[in-house]
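Protein chains in written order, with my numbering: chain A, 1 to 116; chain B, 117 to 230.
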Amino acid sequence: AQTVTQSQPEMSVQEAETVTLSCTYDTSESNYYLFWYKQPPSRQMILVIRQEAYKQQNATENRFSVNFQKAAKSFSLKISDSQLGDTAMYFCAFMKLGAGSYQLTFGKGTKLSVIP
Amino acid sequence: KAGVTQTPRYLIKTRGQQVTLSCSPISGHRSVSWYQQTPGQGLQFLFEYFSETQRNKGNFPGRFSGRQFSNSRSEMNVSTLELGDSALYLCASSSQPKDTGELFFGEGSRLTVL
């Protein structure tokens with residue numbers, strides 16, 4: 001079974017600053033996806049960024065980037081130039097590849113507040 | 117393209133009753149999965165359906181069940197409701213065979229059990 005741990009229940013950042021959210025995971029699988037999902041106060045969860053475990057290059061999506069350390073089983077999210085709209089719960093999630101089923105294992109989440 | 121639609125958005129039930137929640141996936145998506153979100157337990161996987169077949173089930177009692185119809189719409193049912201079933205129930209859909217792993221979530225159904 002996989003576990004995902006987010007050690008920061010809450011964080012805050014000043015607008016335009018950079019913040020890093022931490023995530024560690026435990027698995028015996030070698031092929032998997034890692035995700036960061038964002039859940040704003042309106043509750044609809046949306047994908048922020050995705051990383052395939054077989055890719056060494058860290059994924060980036062505009063202001064969002066990850067630091068993927070496979071050996072250390074670490075997957076942190078960096079948000080640059082933070083905006084008020086980034087205020088949300090952020091969930092780190094794991095999905096086993098090739099299992100024939102799309103099941104996400106989530107961390108407990110980090111509540112991020114962007115302060116004007 | 118319409119997103120994932122869940123109904124009802126809010127509902128209140130009493131202990132012992134049963135409830136049915138509905139989910140319409142994004143057009144063309146054949147995989148539908150359900151998650152329970154609570155403050156204490158976080159997000160937990162309930163089950164996943166593909167082409168009307170349950171492919172995977174989480175660690176929930178048999179009171180939680182689901183099904184998928186030929187048009188990929190899905191329903192989940194909780195019988196003999198308990199106070200601890202109060203939660204936000206999220207539905208997510210995914211496309212196949214485009215295997216990006218990305219799930220698209222609905223806004224959820226907020227169930228309160230009194």
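C-beta: ideal position from N, C-alpha, C; glycine also.
What you are looking at is a predicted structure, and each value in this text was computed from that prediction instead of being measured.
Out of G98(A), A59(A) and D86(A), which has the shortest C-alpha to C-alpha gap to S76(A)?
-> Closest option to S76(A), Cα to Cα, is A59(A).
Going by CA-CA distance only, name the one from E61(A), I115(A) and E52(A) that's closest to S30(A).
-> E52(A)
Any C-beta of chain B sitting closer than 8 Å to the C-beta of F75(A)?
-> no
Tell me, to the nearest whole angstrom, how far the beta carbon of T105(A) is from that of A93(A); I am working on the premise that it is less than 8 Å.
-> 6 Å
Is any beta-carbon of chain A found at less than 8 Å from that of G217(B)?
-> yes
Over the uninterrupted beta strand (DSSP E) stretch that includes A52(A), give me the two end residues.
-> It should be noted that the sequence gives Glu, not Ala, for residue 52(A). Counting along the chain, the beta strand (DSSP E) containing E52(A) begins and ends at I46 to E52.
Going by the CB atoms, is the gap between L34(A) and F68(A) shorter than 8 Å?
-> yes
Euclidean distance between Cα positions of S210(B) and E15(A) = Rounded to the nearest angstrom, the gap between the Cα atoms of S210(B) and E15(A) is 34 Å.
Amino acids of chain B, ordered along the chain, whose beta-carbon sits closer than 8 Å to that of S28(A) | Residues of chain B passing the Cβ test: none, with the nearest at roughly 18 Å.
The stretch 148-159 of chain B touching the stretch 199-209 of chain B, judged by at least three CB pairs closer than 8 Å = Flag = yes, the stretch 148-159 of chain B and the stretch 199-209 of chain B touch.
Could you name the residues of the stretch 133-161 of chain B whose beta carbon sits closer than 7 Å to any beta carbon of chain A, in the order they occur along the chain?
-> S147, S149, G158, L159 and F161
Partner residues on chain A for G224(B), Cβ-Cβ distance less than 8 Å | R43 and Q44
Using a Cβ-Cβ distance under 8 Å, would K38(A) count as near chain B?
-> no
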